[in-house]
Amino acid sequence: MFLNDPEAVANILEKLLSGTKDDALLAFQIAFDLVENENQAFLLNVRNRLPTLRPQSPSQGNPSPESTLPSSQNGTVGADSSVAAEDVHMNVDSQTPNGNARVVDPNEVAYADRLAKIKGILSGEMSIQLTLQFLYSHNRSDLLILKTIKQSVEMRNSVCHSATICANAIMHAGTTVDTFLRENLEWLSRATNWAKFSATAGLGVIHRGHLQQGRSLMAPYLPQNGAVGGGSPYSEGGALYALGLIHANHGEGIKQFLRESLRNTSAEVIQHGACLV
């Protein structure tokens, strides 16, 4: 990675995937270590250099179905892959147009399965899903502490108000648990200007990695059609920043929306939120 040589890394991973079960496990561990360094550009280069299917020997006639096994978004082979694998075994005895039986190498099936898994790992989505599940299931934050702080803070003290909102975001970072905010919407609405920006951006901290529903979660606050909507520009700018936090280091799906939002607005606060991403 430090030598910026994705080609060499891809070759090593491919060689390990073609080896024994222990070699494949080592390849998976290397992939997880690469993801942990969070160099998205390097990971994409490595992933793109991995083969889409393993080259077949000349003795084999038609391409075997296992070369087209789909991989699910979280890096594991899903139900469709299992069905496809079963179809492969069912077609072993089928006849090709020239009358010869089509031979399916079980090593090819195993290789395709490993390749699909490692591409899922390198995409980062498997690590994100596992992290979300872990943080949600092991969330031990005490809402009573936040409620006590909220009741102790004076209504007019905007600094303490903002600090409480930030404390909630940090306490629930990555857990997707935004119960405190939903139960105190009226209290939350007292935030103004940049405090409102930070309050909305805090949702991005709480829902970090929630890629599937990140856009829908922030939809009420985002600029409509890339332009300034009827809401506060501070909320809309904070929502763009939150969207960037949700997709941090995995932003291929929202880059276009952020660019459009940046181009279609003249409000500096909204531009600021988009540029922070």
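Position one of the sequence shown corresponds to residue 1 (full-length UniProt numbering), numbered consecutively onward.
By construction, the Cβ of each residue, glycine as well, lies at the ideal position given by its N, Cα and C atoms.
Problem set entry | Extent of the continuous alpha helix (DSSP H) run through PHE180 | Taking the sequence shown and counting its residues from 1, the one referred to as residue 180 is at position 180. Taken as a continuous stretch (DSSP letters only), the alpha helix (DSSP H) holding PHE180 covers 179-183.
Exercise. Can the beta-carbon of GLY237 be found less than 8 Å from the beta-carbon of PHE197?
Worked result: The count along the sequence shown starts at 1 and reaches residue 237 at position 237. The count along the sequence shown starts at 1 and reaches residue 197 at position 197. Going by C-beta atoms, GLY237 is nearer than 8 Å to PHE197.
Problem set entry | Backbone CA spacing between LYS117 and SER127 [nearest angstrom] | As a first step, residue 117 must be located in the sequence shown, where it is residue number 117. As a first step, residue 127 must be located in the sequence shown, where it is residue number 127. So the alpha carbons of these two residues sit roughly 12 Å apart.
Exercise. Can the beta-carbon of SER162 be found less than 8 Å from the beta-carbon of ALA195?
Worked result: Taking the first residue of the sequence shown as 1, we reach residue 162 at position 162. Taking the first residue of the sequence shown as 1, we reach residue 195 at position 195. Yes, Cβ-Cβ distance for SER162 and ALA195 is below 8 Å.
Exercise. Measuring CA to CA, which of ASN249, LYS15, ALA191 is closest to ASN39?
Worked result: As a first step, residue 39 must be located in the sequence shown, where it is residue number 39. Relative to the Cα of ASN39, the nearest Cα in the group ASN249, LYS15, ALA191 belongs to ASN249.
For this session: Please list, in chain order, all residues of the same chain as GLU7 whose beta carbon is under 7 Å from its beta carbon, the five residues on each side excluded.
Result: Counting from 1 along the sequence shown, the entry for residue 7 is found at position 7. Excluding positions up to five away in sequence, the list reads ARG49.
Problem set entry | Run of the alpha helix (DSSP H) containing GLY204, from where it starts to where it stops | Here residue 204 is taken as the residue at index 204 of the sequence shown, counted from 1. Taken as a continuous stretch (DSSP letters only), the alpha helix (DSSP H) holding GLY204 covers 193-206.
For this session: Leaving out five residues on either side along the sequence, give the residues of the same chain with a beta carbon under 6 Å from the beta carbon of GLY124.
Result: Start at 1 with the first residue of the sequence shown, and residue 124 comes out as number 124. Closer than 6 Å at Cβ, skipping near neighbours: VAL35, HIS250.
Problem set entry | Start and end residues, alpha helix (DSSP H) containing ILE165 | Start at 1 with the first residue of the sequence shown, and residue 165 comes out as number 165. It spans 158-171 - the alpha helix (DSSP H) in which ILE165 sits, taken as one unbroken run.
For this session: Could you tell me the distance, in whole angstroms, from the CA atom of LEU146 to the CA atom of THR192?
Result: Here residue 146 is taken as the residue at index 146 of the sequence shown, counted from 1. Here residue 192 is taken as the residue at index 192 of the sequence shown, counted from 1. For LEU146 and THR192, the distance between alpha carbons rounds to 20 Å.
For this session: Taking 8 Å as the threshold, find out whether the segment 148-156 comes into contact with the segment 107-121 through three or more Cβ pairs.
Result: Output reads no: the segment 107-121 does not touch the segment 148-156.
Exercise. In the structure shown, what three-state DSSP assignment does ASN11 receive?
Worked result: Counting from one through the sequence shown, the residue named residue 11 turns up at place 11. Correct three-state label for ASN11: helix.
Exercise. How is the alpha helix (DSSP H) around ILE246 delimited, first residue to last?
Worked result: As a first step, residue 246 is located in the sequence shown; it is residue number 246 there, counting from the start. Where ILE246 is concerned, the enclosing alpha helix (DSSP H) stretches over 233-246.
Problem set entry | Best match in ILE30, GLN129, ARG156, GLY204 for proximity to CYS166 [C-alpha to C-alpha] | Here residue 166 corresponds to residue number 166 of the sequence shown, with the count starting at 1. Ranking the options by Cα distance to CYS166, first place goes to GLY204.
For this session: Compare the beta carbon distance of residue 278 and GLY244 with 8 Å and say whether it is the shorter of the two.
Result: Examination of residue 278 is not possible in this model, given that the chain is present from 1 through 277 alone.
For this session: Could you please give the first and the last residue of the uninterrupted alpha helix (DSSP H) stretch that includes THR131?
Result: In the sequence shown, residue 131 corresponds to position 131, counting from 1. Here the alpha helix (DSSP H) through THR131 covers 125-137.
For this session: If I'm right that LEU43 touches ALA27 with Cβ under 8 Å, what's the distance once you round it to whole angstroms?
Result: Here the question's residue 43 lines up with position 43 in the sequence shown. Here the question's residue 27 lines up with position 27 in the sequence shown. A Cβ-Cβ separation of about 14 Å leaves LEU43 out of contact with ALA27 under the 8 Å criterion.
Exercise. Which residues mark the beginning and the end of the alpha helix (DSSP H) in which VAL109 is found?
Worked result: To locate residue 109, count along the sequence shown from 1; it is residue 109. Segment 106-122, the alpha helix (DSSP H) holding VAL109.
Exercise. What does a CB cutoff of less than 8 Å around PHE134 pick up in its chain, not counting 5 residues either side in sequence?
Worked result: Here residue 134 corresponds to residue number 134 of the sequence shown, with the count starting at 1. So no residue of the chain qualifies.
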